[in-house]
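S.K.: FYI, our numbering numbers position 461 of the sequence shown as 750, with every residue one higher than the one before it.
Take a look at this one; I'll ask things after.
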Amino acid sequence: MCGIAGIIGYKKEDSEQLLRTMTNAIVHRGPDDEGHHVDEALAMGMRRLSIIDVEGGKQPITSTDGNLVIVFNGEIYNYRELREDLVSRGYQFKTETDTEVILHLFEAEGSACLTKLRGMFVFAILNKKTQELFIARDYFGIKPLYYLLENGIIRAFGSEIKSILALSSVVRTVNDEAVVNYLSFQYNPLKETFFKGIWKLAPGSFLSIDLTTGKYKEERYWEFAFAENMEGTETECTEKLSAVLEDSVRHHMIADVPVGAFLSGGIDSGIIAALAQRERSGKGAVASPKGLTRPDSAELVASRGLTRPDSAESKISTFTIGFAEANEAREAKITAEHIGTEHYESVVSPEEYFQELPKIMWHFDEPVADPAASSLYFLAREARKKVKVVLSGEGADELFGGYNIYLESYARRRLAFVPRIVREKILRPLSESTREFRGKNFLKRFFSNMEDWYIGNANIFSPAEVESLWQGKPYARMSLAPLYARVANREDSEKMQYIDINTWLVGDILAKADKMTMAHSLELRVPFLDRSVSDFARRLPSTLKWKNYTTKYLLRKVADKILTPEIARRKKLGFPTPVGRWFTADKTALYERITKNEYIRSHFDVATIERIVADHIAGRADNGRKIYLLLSFAIWHEVFFENN
290 MCGIAGIIGY
300 KKEDSEQLLR
310 TMTNAIVHRG
320 PDDEGHHVDE
330 ALAMGMRRLS
340 IIDVEGGKQP
350 ITSTDGNLVI
360 VFNGEIYNYR
370 ELREDLVSRG
380 YQFKTETDTE
390 VILHLFEAEG
400 SACLTKLRGM
410 FVFAILNKKT
420 QELFIARDYF
430 GIKPLYYLLE
440 NGIIRAFGSE
450 IKSILALSSV
460 VRTVNDEAVV
470 NYLSFQYNPL
480 KETFFKGIWK
490 LAPGSFLSID
500 LTTGKYKEER
510 YWEFAFAENM
520 EGTETECTEK
530 LSAVLEDSVR
540 HHMIADVPVG
550 AFLSGGIDSG
560 IIAALAQRER
570 SGKGAVASPK
580 GLTRPDSAEL
590 VASRGLTRPD
600 SAESKISTFT
610 IGFAEANEAR
620 EAKITAEHIG
630 TEHYESVVSP
640 EEYFQELPKI
650 MWHFDEPVAD
660 PAASSLYFLA
670 REARKKVKVV
680 LSGEGADELF
690 GGYNIYLESY
700 ARRRLAFVPR
710 IVREKILRPL
720 SESTREFRGK
730 NFLKRFFSNM
740 EDWYIGNANI
750 FSPAEVESLW
760 QGKPYARMSL
770 APLYARVANR
780 EDSEKMQYID
790 INTWLVGDIL
800 AKADKMTMAH
810 SLELRVPFLD
820 RSVSDFARRL
830 PSTLKWKNYT
840 TKYLLRKVAD
850 KILTPEIARR
860 KKLGFPTPVG
870 RWFTADKTAL
880 YERITKNEYI
890 RSHFDVATIE
900 RIVADHIAGR
910 ADNGRKIYLL
920 LSFAIWHEVF
930 FENN
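Encoded structure:
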């Protein structure tokens, strides 16, 4: 695990120092080591967080003939199986790393190697003979990759935008279109970032760059797609899913350093932590110097000079976070006691939370107005004191149907049975009235096309609100029509799933998971986003995702076995952050950071913002998320544009 960076087409005598500046900007991603490759056309390097082959895994790594050079960020969980196959084909290895496995696999199969990799990754491989640079990103976009475009030519790339911004030649310009979309989505859904000229490599994609011209080609090698429903009874499917998840967690625990888990108290993190604890305690696998190995016979243990861990040594560490105003740590503690982990809790005050926001926004690169994202920053800080790797439950809601709004399509069906005259003469006028009442938003959505209102789990400002708030050049909200077209034949709940997998998951969930953990040199792994798990999920019939108005139905059946029925029936928890309660009348300094921000004053209607704040303080409306979105943006702008 590390961070990578590179520049193309700079003078060789300047490249080494420029590259070092870029990698120093992301030292938090890899404080253990660094490595660089510099030649006439390309300079690329990395900062390393040592997880596998701690002593021998130094990068860059060069192929046997010296032609290929790789820098890599991520983990490949099936690298041992791939290595064995490559050895049988005659390839020789200098290290025990997964990095060298990628290098030889690419040497053997080119871009076709990508679909054989099981893990999270961004890697860059230089081919000296062809003067081509190949950069690939994993299936779901767990690991990030940004690149700088100048006149249609790629000049730089990196795991974080701040690496590219470290180049003095880069002019920082706010991308207004990204800001407009951020107001609705709470993150930037565009390919171009908040910084004009800096772009994101899409998940499941790779770049081929001609180093002699700087021209490039981006191709998609994988994307999630629903498939024909699997066969089998509910019981059979439950057993299959249990086995798939157990296998995924086993592979995700491969490491030469301590592995822990985040635990919110909900079922997603609970399942992952329980399976990890099962592996650690020897019920699933045996801890070895190279991770977890099967079988777990006594003979194997003795032959390797190992001992079965007991007491505290047999427990994984789990971590949760809470706030005095909304502390869900009790549920996490109950889960931890049930599965037998070494559990740690921490509580964050609102004062500390707001004090750290500038640093959090610096680590984010782009503003993400998800209060739980910042909570993850504090959780990672505490976890890093005990472990170097954590497992977490990201991706379960998107793959298995965990958001409550996915159930709305079933409520819509029931409302469709209401006589038409009642719907049109009574319910529609109610939905269009100025009167506020419980269920009004549902009625408004019922009388609208899903494609017009569902943009993902966060929909902070409506198009009408954006229009009144934004005073700059007008931009249309990004259209999701192409995504909806791909699932036109699926039911509404699966359409929502598909939108979230392709937007919300990568733009919010995985962005915060990567940036907030790497801020503290902590590697986060997401077993639900393993290819084997997603292959199962895409064939899961909707009747096993939503049943009896229950979300994640089949996953809860698995939780019944692994956890308890009580835990399995808990509502979605996450790490709730009570920012709405924190925005009280005494937070004047925070509100002024919004209204006095130079960009906001020149691009927003400040009177509208003042009204949003006043209505929230007076209790006329719950505008906590809107205020947090504006505050996050203001602080981000301060960090990257005003404080230099």
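Glycine included, C-beta positions come from ideal geometry on N, C-alpha and C.
Since this is a predicted model, take the numbers as computed values, not measurements.
So, with DSSP's three-state summary, where would you put residue 508?
M.R.: Along the sequence shown, read from residue 1 onward, the residue named residue 508 stands at position 219. Note: residue 508 maps to strand in three-state DSSP.
S.K.: When burial is assigned at 16 or more other CB atoms within 10 Å of the CB, is residue 705 buried or exposed?
M.R.: Position 416 of the sequence shown holds residue 705. The residue in question, residue 705, is exposed, as its Cβ has fewer than 16 Cβ neighbours within 10 Å.
S.K.: Buried or exposed, going by whether 16 or more other CB atoms sit within 10 Å of the CB of residue 790?
M.R.: Indexing the sequence shown from 1 puts residue 790 at position 501. Buried is the call here.
S.K.: Between 482, 909 and 548, which lies nearest to residue 438 when the distance is taken from Cα to Cα?
M.R.: Start at 1 with the first residue of the sequence shown, and residue 438 comes out as number 149. Of the listed residues, the one whose Cα sits closest to residue 438 is 482.
S.K.: Under a three-way DSSP split, which group does residue 311 fall into?
M.R.: Here residue 311 refers to the residue found at position 22 when the sequence shown is read from its first residue. Helix at residue 311.
S.K.: Are the CB atoms of residue 808 and residue 652 nearer to each other than 7 Å?
M.R.: The sequence position of residue 808 within the sequence shown is 519, counting from 1. The sequence position of residue 652 within the sequence shown is 363, counting from 1. Result yes, Cβ atoms of residue 808 and residue 652 sit closer than 7 Å.
S.K.: Can you tell me the Cα-Cα spacing of residue 645 and residue 480, whole angstroms?
M.R.: As a working mapping, residue 645 is identified with position 356 in the sequence shown. As a working mapping, residue 480 is identified with position 191 in the sequence shown. In this structure, the straight-line span from the alpha carbon of residue 645 to that of residue 480 is close to 28 Å.
S.K.: Just list the alpha helix (DSSP H) runs in the region 807-864, keeping only unbroken ones of 4 residues or longer that don't cross its boundaries, in chain order.
M.R.: Correct list: 820-826, 842-851 and 854-857.
S.K.: Determine the extent of the beta strand (DSSP E) in which residue 416 is found, giving its start and end residues.
M.R.: Along the sequence shown, one-based indexing puts residue 416 at 127. Unbroken beta strand (DSSP E) run through residue 416: 408-416.
S.K.: What are the boundary residues of the beta strand (DSSP E) that residue 606 is part of?
M.R.: Looking up residue 606 in the sequence shown gives position 317. 606-611 is the span of the beta strand (DSSP E), which, as asked, contains residue 606.
S.K.: Reducing DSSP to helix, strand and coil, say where residue 876 ends up.
M.R.: Locating residue 876 in the sequence shown gives position 587, counting from the first residue. In this structure, residue 876 counts as coil in the three-state DSSP scheme.
S.K.: Pull up the DSSP beta-bridge partners for residue 558, would you.
M.R.: In the sequence shown, residue 558 corresponds to position 269, counting from 1. Partner(s): none; residue 558 has no beta bridge.
S.K.: Out of 470, 402, 387 and 447, which one is the CA nearest neighbour of residue 919?
M.R.: The residue you call residue 919 lines up with position 630 of the sequence shown. Considering only alpha carbons, the answer is 470.
S.K.: Distance, Cα to Cα, residue 891 vs residue 759?
M.R.: What you label residue 891 is simply residue 602 of the sequence shown in a count that begins at 1. What you label residue 759 is simply residue 470 of the sequence shown in a count that begins at 1. Near 10 Å, if we compare the C-alpha coordinates of residue 759 and residue 891.
S.K.: For residue 332, tell me which candidate among 341, 309, 313 and 321 has the shortest Cα-Cα distance.
M.R.: Here residue 332 refers to the residue found at position 43 of the sequence shown. Answer by Cα proximity: 309.
S.K.: So, for residue 388: in the same chain, excluding its five sequence neighbours on each side, which residues have a beta-carbon less than 7 Å away from its beta-carbon?
M.R.: Along the sequence shown, one-based indexing puts residue 388 at 99. So the list reads 346, 348, 350, 359 and 361, once near-sequence residues are dropped.
S.K.: What residues match up with residue 333 in a beta bridge as DSSP calls it?
M.R.: Here the question's residue 333 lines up with position 44 in the sequence shown. Beta-bridge pairing links residue 333 to 295 and 326.
S.K.: Touching or not, the region 805-819 and the region 537-546, by the rule of three or more beta carbon pairs under 8 Å?
M.R.: yes
S.K.: So, helix, strand or coil for residue 303, using DSSP?
M.R.: Taking the first residue of the sequence shown as position 1, residue 303 is located at position 14. DSSP places residue 303 within a helical segment (H, G or I) once states are collapsed to three.
S.K.: When the Cβ atoms of the region 873-881 are set against those of the region 821-837, are three or more pairs found closer than 8 Å?
M.R.: no
S.K.: Between which residues of its own chain and residue 427 is the CB-CB distance below 6 Å, once the five residues before and five after are set aside?
M.R.: In the sequence shown, the residue the question calls residue 427 occupies position 138. So the qualifying residues of the chain are 409 and 410.
S.K.: Who are the near neighbours of residue 649 in its chain, counting only those whose CB is closer than 7 Å to its CB and skipping five residues on each side?
M.R.: Stepping through the sequence shown from its first residue, residue 649 is reached at position 360. 663 and 666.
S.K.: Determine the closest residue to residue 678 out of 709, 608, 708 and 694, with distance taken between C-alpha atoms.
M.R.: As a working note, residue 678 is residue 389 in the sequence shown. Considering only alpha carbons, the answer is 608.
S.K.: From the DSSP output, in three-state form, read off residue 489 for me.
M.R.: Position 200 of the sequence shown, counting from 1, holds the residue named residue 489. Three-state result, residue 489: strand.
S.K.: Have a look at residue 847 and residue 520 and give me their C-alpha separation to the nearest angstrom.
M.R.: Position 558 of the sequence shown, counted from the first residue, corresponds to residue 847. Position 231 of the sequence shown, counted from the first residue, corresponds to residue 520. About 18 Å.
S.K.: Note down the Cα distance separating residue 732 from residue 524, rounded to an integer number of angstroms.
M.R.: Against the sequence shown, residue 732 aligns to sequence position 443. Against the sequence shown, residue 524 aligns to sequence position 235. In a straight line, the C-alpha of residue 732 is about 37 Å away from that of residue 524.
S.K.: DSSP three-state call for residue 433: helix, strand or coil?
M.R.: Here residue 433 corresponds to residue number 144 of the sequence shown, with the count starting at 1. Residue 433 falls in the coil class under three-state DSSP.
S.K.: If I measure Cβ to Cβ from residue 748 and keep anything under 7 Å in the same chain, skipping five residues before and after, which residues do I get?
M.R.: The count along the sequence shown starts at 1 and reaches residue 748 at position 459. Result list for residue 748: 473, in chain order.
S.K.: Thinking just about the alpha-carbon of each residue, which of 827, 691, 698 and 549 is nearest to the one in residue 516?
M.R.: Looking up residue 516 in the sequence shown gives position 227. Ranking 827, 691, 698 and 549 by Cα distance to residue 516 puts 827 first.
S.K.: Can you list, in chain order, the residues of its chain whose CB lies under 8 Å from that of residue 376, leaving out five sequence neighbours each side?
M.R.: Position 87 of the sequence shown holds residue 376. Cβ neighbours of residue 376 beyond the five flanking positions: 382.
S.K.: Assign residue 886 to one of three DSSP states: helix, strand, or coil.
M.R.: The residue you call residue 886 lines up with position 597 of the sequence shown. Here residue 886 sits in coil by DSSP.
S.K.: What is the DSSP secondary structure of residue 497, counted as helix, strand or coil?
M.R.: Here residue 497 refers to the residue found at position 208 of the sequence shown. In this structure, residue 497 counts as strand in the three-state DSSP scheme.
S.K.: If I measure Cβ to Cβ from residue 513 and keep anything under 6 Å in the same chain, skipping five residues before and after, which residues do I get?
M.R.: Looking up residue 513 in the sequence shown gives position 224. Around residue 513: 790.
S.K.: Determine the direct distance from the alpha carbon of residue 623 to that of residue 669, and round the result to whole angstroms.
M.R.: Within the sequence shown, numbered from 1, the residue matching residue 669 stands at position 380. Within the sequence shown, numbered from 1, the residue matching residue 623 stands at position 334. Taking the straight line joining both Cα atoms gives about 21 Å.
S.K.: Suppose you measure from the CA of residue 631 to the CA of residue 673; what does that come to, to the nearest Å?
M.R.: Translated into positions along the sequence shown, residue 631 becomes position 342. Translated into positions along the sequence shown, residue 673 becomes position 384. Residue 631 and residue 673 have their C-alpha atoms some 15 Å from each other.
S.K.: Beta carbon of residue 295, beta carbon of residue 312: below 7 Å?
M.R.: Counted from its first residue, the sequence shown places residue 295 at position 6. Counted from its first residue, the sequence shown places residue 312 at position 23. No, the Cβ-Cβ distance between residue 295 and residue 312 is not below 7 Å.
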